[in-house]
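In my numbering, the protein residues as written are 33 to 327.
Just so you know, even glycine gets a beta-carbon here, dropped at the ideal spot from N, CA and C.
Structure follows, in structure tokens:
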């Protein structure tokens with residue numbers, strides 16, 4: 033008779049002791065340490081970002097004008113009579129600054145619409161502000177005369193008009209703007225960049241319709257200074273007799289660049305417009321060094 037021996041059963045191990053699908057304790061410790069490292073690094077970066085953000089010098093100043101300029105656009109004037117150094121720091125058309133309102137800590141970037149020198153002379157900065165739903169700009173446009181906002185220092189190099197001087201060497205200057213991009217263009221035109229001493233200065237200004245076109249009351253003044261204003265409407269009314277479509281299409285129809293090497297260009301507005309205008313002009317032989325932007 034043979035006897036069969038059964039091997040003694042191995043002791044069962046519970047999940048607390050072993051599970052091939054769970055990581056070992058060394059891996060857990062490694063992952064924990066790594067997670068904590070990333071948390072500390074993220075916290076330090078957040079603190080550093082906050083410190084960098086706090087370096088902006090904010091100047092409180094009251095509003096002296098908040099009024100409609102066109103559909104969704106507002107004239108905003110800030111009184112800087114108590115901040116003469118800030119007022120005089122605007123030295124070139126195309127410069128901009130940050131602005132905060134009491135209801136929001138998120139600043140809005142705004143191009144200064146008034147010409148350089150007006151700050152020193154009258155102690156004000158003027159802006160053309162587009163009210164965009166949910167933005168700081170919308171909150172700003174809801175404020176009233178006397179309400180206080182905070183503004184940062186004047187920033188940017190603006191339009192480097194020295195690159196298209198003297199006027200006799202650059203008699204043609206083509207200016208293109210869309211929507212609220214006309215704001216720094218107004219600053220340029222009214223700053224006196226020798227438009228009257230040039231033979232061909234044209235402003236192609238695009239908007240959806242006349243209700244959305246700001247500064248119409250200044251067109252005659254700009255024309256008298258030597259700037260030919262060409263309004264371009266993408267969705268005009270039936271009674272509109274002027275240029276239609278997009279700015280770049282209107283310019284392509286007219287073109288009339290007499291000498292590309294003596295032509296200067298100023299651009300401000302929608303990205304597609306600025307890119308297409310640049311391509312058209314470069315193809316015509318205009319130097320990219322003579323195409324000015326404020327950003």
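Alpha-carbon to alpha-carbon, residue 242 and residue 267: Within the chain shown, numbered from 1, the residue matching residue 267 stands at position 235. Within the chain shown, numbered from 1, the residue matching residue 242 stands at position 210. Using only the alpha carbons, I get a separation of about 9 Å.
Measuring only the C-alpha atoms, how far is residue 313 from residue 160? Translated into positions along the chain shown, residue 313 becomes position 281. Translated into positions along the chain shown, residue 160 becomes position 128. So the alpha carbons of these two residues sit roughly 28 Å apart.
Taking the beta strand (DSSP E) that residue 132 belongs to, which residues open and close that run? Translated into positions along the chain shown, residue 132 becomes position 100. Where residue 132 is concerned, the enclosing beta strand (DSSP E) stretches over 128-133.
What runs of the alpha helix (DSSP H), each 4 residues or longer, lie entirely inside the segment 234-312? 251-256 and 279-286
Am I right that residue 145 and residue 218 are in contact with their C-beta atoms under 8 Å? What's the rounded C-beta distance? As a working note, residue 145 is residue 113 in the chain shown. As a working note, residue 218 is residue 186 in the chain shown. Going by Cβ atoms, the distance from residue 145 to residue 218 rounds to 5 Å, so yes, they are a contact pair.
Only counting the same chain, and skipping five residues up and downstream in sequence, which positions put a Cβ closer than 7 Å to that of residue 292? Position 260 of the chain shown, counting from 1, holds the residue named residue 292. These residues qualify, in order along the chain: 316, 317 and 318.
Since residue 171 and residue 95 should fall inside the 8 Å C-beta cutoff, what is the C-beta to C-beta distance between them, to a whole number of angstroms? Numbered from 1 along the chain shown, position 139 holds the residue referred to as residue 171. Numbered from 1 along the chain shown, position 63 holds the residue referred to as residue 95. At roughly 12 Å, the Cβ-Cβ gap does not stay under 8 Å, so residue 171 and residue 95 are not in contact.
Residue 219, DSSP secondary structure in three states: Along the chain shown, read from residue 1 onward, the residue named residue 219 stands at position 187. Three-state DSSP puts residue 219 in a helix.
Given this structure, state the Cα-to-Cα distance separating residue 79 from residue 239, to the nearest angstrom. Looking up residue 79 in the chain shown gives position 47. Looking up residue 239 in the chain shown gives position 207. Bear in mind that the predicted position of residue 79 carries a pLDDT of just 40, short of 50, making it unreliable; the figure below should be weighed with that in mind. Computed Cα separation, rounded: 43 Å.
Just to confirm, is the Cβ distance from residue 289 to residue 183 under 8 Å? For the purposes of this step, residue 289 is taken as residue 257 along the chain shown, with counting starting at 1. For the purposes of this step, residue 183 is taken as residue 151 along the chain shown, with counting starting at 1. Contact: no.
What separation, rounded to the nearest whole angstrom, lies between the Cα atoms of residue 253 and residue 265? As a first step, residue 253 is located in the chain shown; it is residue number 221 there, counting from the start. As a first step, residue 265 is located in the chain shown; it is residue number 233 there, counting from the start. Near 21 Å, if we compare the C-alpha coordinates of residue 265 and residue 253.
Report yes if the CB atom of residue 91 is closer than 8 Å to the CB atom of residue 118, and no otherwise. For the purposes of this step, residue 91 is taken as the residue at position 59 of the chain shown. For the purposes of this step, residue 118 is taken as the residue at position 86 of the chain shown. Against a cut-off of 8 Å, the Cβ pair of residue 118 and residue 91 comes out as a contact.
Can you give the Cα-Cα distance for residue 147 and residue 269, rounded to whole angstroms? Counting from 1 along the chain shown, the entry for residue 147 is found at position 115. Counting from 1 along the chain shown, the entry for residue 269 is found at position 237. Cα to Cα, residue 147 sits roughly 32 Å from residue 269.
Name the one or two DSSP bridge partners that residue 157 has. Translated into the one-based positions of the chain shown, residue 157 becomes position 125. Partner(s): 110.
Pick from 120, 210 and 203 that is closest to residue 295, judged by C-alpha positions: Position 263 of the chain shown holds residue 295. The residue with the shortest Cα to Cα distance from residue 295 is 203.
So residue 261 packs on residue 237, CB below 8 Å; how close in whole Å? Taking the first residue of the chain shown as 1, we reach residue 261 at position 229. Taking the first residue of the chain shown as 1, we reach residue 237 at position 205. Yes, they are in contact, since the Cβ atoms of residue 261 and residue 237 sit about 7 Å apart, within 8 Å.
Nearest by alpha-carbon distance to residue 256: which of 275, 244 and 230 is it? Against the chain shown, residue 256 aligns to sequence position 224. Ranking the options by Cα distance to residue 256, first place goes to 230.
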